[in-house]
Structures are given as C-alpha cells and as structure tokens.
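Visitor:
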Amino acid sequence: DIQMTQSPSSLSAAVGDRVTITCRASQGINNYLAWFQQKPGKAPKSLIYGASSLQSGVPSKFSGSGSGTDFTLTISSLQPEDFATYYCQQYKSYPITFGQGTRLEI
Amino acid sequence: EVQLVESGGGLVQPGGSLRLSCAPSGFSFSNHWMGWVRQAPGKGLEWVANIKKDGNERNYVDSVKGRFTISRDNAKKSLFLQMNTLRAEDTAVYYCARASATYVSFYDYWGQGALVTVSS
C-alpha cells in the first residue's frame, strides 16, 4: 500500500497569512494526488486534483504543486472560513489512501 | 446541482449486518464510478470501496474484503454498501462519493454521510 504522510499534523496561523502543507507518498504516484478540505461535522470538499488542477468553484487562493512523491498545498491570504482540516489523497493505485490530515487553526 | 444523499445508517450489534444506500441527483449516474469512504470518530478518512460505471469492476480495502459488498442499480439510480459481520472498528461515518469524469478514484462530490455504530 502507498502511505501518505502529511506535515505538519497541525498548524497555527493568522488571518491574512499564507501557509503551506506538505504531503509525501511512500512511492511515486506521478501526479495522481488530490487535496480535500473538511470542516467539523461536514463532508470533505474537493480542492485540487492532478496535484495542481483547481476543482471547479474553488478560489484561486488554493494552489497545489508537486509530482512523484512530494507535494504541497498552499493557501494564501487566510480567511476565517479556511480554518479546517486538510487531507491529501493518492489515486495512483489501490487501495486508495489518504494522509492523516493537517488541522489548520487560528 | 450534484447531490448525494446517504441513508440506512444506525446502531447494530457486532456480527450484524447493515445496508447503506446513496441516492444521487443532478448528474448522469451511470457515467461515473462511485465510491464509499469512511471516517471513524475523531479519525481521518479511509477509502472503503469503489465500483465501475457498469458495475462490472469492484475494488475494496483489505479490511472489508469478504464482508462488505458495493453495488449499484443504474436504472434506479442508487448506490449501495452491504455490510456484513460488522465489527466495532467499522464504526464510522460512511460517505458516498462520486468519482470525476476523468479520474475513476478522484472524488469530486461527497454526500453528507451516514453514521454506522457497531456496539452491543
């Protein structure tokens, strides 16, 4: 199985900040990498697919990069609604696996 | 508007069975792979299973193989997850998710989730 490791596990930031979350795959996954945002008690929301393609309707403040084993999600100009937990997911091979999540706190 | 509505969750004893359903709307159901993803209380996301557009291919995480069965009825526009021999560790919110048109395992839309609690 491909293990996905996110860092950091939690992150404190202020409104207006820019933050970067890292996701590392235990083996190469090309660009079969997605990012999701989840708020407490809600379903995950897709943000990025193909490592860097923005899902329809997602603001451009979210950006993704990387290929192979190392990936990043960057969120610029943090707003109160951005404070949530973020997950990466590989869909290169079965079983599909997620990172453990990064909790972004104010 | 794409919507996915799960139903069928509840409390079940260890060793028991439960069947989850997912009712999609707002898109052509038969043109998309579908999947189930679960989240144990306070934990992260775990992919459970997916099924091909025509139902002829199914994939499962090892921990549910032989116990869970994913199926679909394209004529009735429904997705199912039959869960047998349930264990305490199966306790989770189960999300129905639609795969994008391009990638069979990238989930672009998710339902609100159905809570399954396995406890005596």
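Quick mapping for you: the protein sequence lines, in order, are chains W and X. Note that this note's numbering numbers the first sequence so that position 81 is 81, with each residue one more than the last. Note that this note's numbering numbers the second sequence so that position 43 is 43, with each residue one more than the last. Backbone N, C-alpha and C define an ideal beta-carbon position, used for all residues, glycine too.
#1: Interface residues of chain W around Asn59/X at Cβ under 9 Å?
#2: DSSP on Val118/X, reduced to helix/strand/coil?
#3: With a threshold of 6 Å on Cβ separation, who are the neighbours of Asn112/W within its own chain once the five nearest residues in sequence on each side are excluded?
#4: Taking Cβ-Cβ distances shorter than 7 Å, what residues in chain X pair up with Ser46/W?
#5: In whole angstroms, what is the alpha-carbon distance linking Ile75/W and Asn31/X?
#6: At a Cβ cut of 7 Å, what residues of the region 17 to 43 of chain W count as close to chain X, listed as they run along the chain?
#7: Where does the unbroken beta strand (DSSP E) through Asn59/X begin, and where does it stop?
#8: Suppose only complete runs of 4+ residues qualify. What are the alpha helix (DSSP H) ranges in the region 40 to 77 of chain W, listed by chain order?
#9: If you drop the 5 nearest sequence neighbours on each side, which residues of the same chain put their C-beta closer than 6 Å to that of Gln3/W?
#10: Since I believe Leu47/W is in contact with Val58/W (beta carbons under 8 Å), could you give me their beta-carbon distance rounded to a whole number of angstroms?
#11: Is Val118/X buried or exposed, if buried means 16 or more other CB atoms sit within 10 Å of its CB?
#12: Which of helix, strand or coil does DSSP assign to Asn31/X?
#13: In chain W, what lies closer than 9 Å to Ser100/X by C-beta?
#14: Which of helix, strand or coil does DSSP assign to Glu46/X?
#15: For Arg19/X and Ser7/W, I'd like the C-alpha separation in whole angstroms.
Guide: If we stick to the structure as given:
#1: Tyr94, Pro95, Ile96
#2: In the structure shown, the three-state DSSP call for Val118/X is strand.
#3: Nothing can be reported for residue 112/W, as the shown portion of chain W is limited to 1 through 106.
#4: Tyr107, Asp108
#5: 33 Å
#6: Hits within the stretch, in order: Ala34, Ala43.
#7: 58 to 60
#8: none
#9: Ser26
#10: 5 Å
#11: buried
#12: helix
#13: From the beta-carbon of Ser100/X, the residues of chain W found nearer than 9 Å are Ser46, Tyr49, Gln55.
#14: strand
#15: The straight-line gap from Cα to Cα measures roughly 36 Å.
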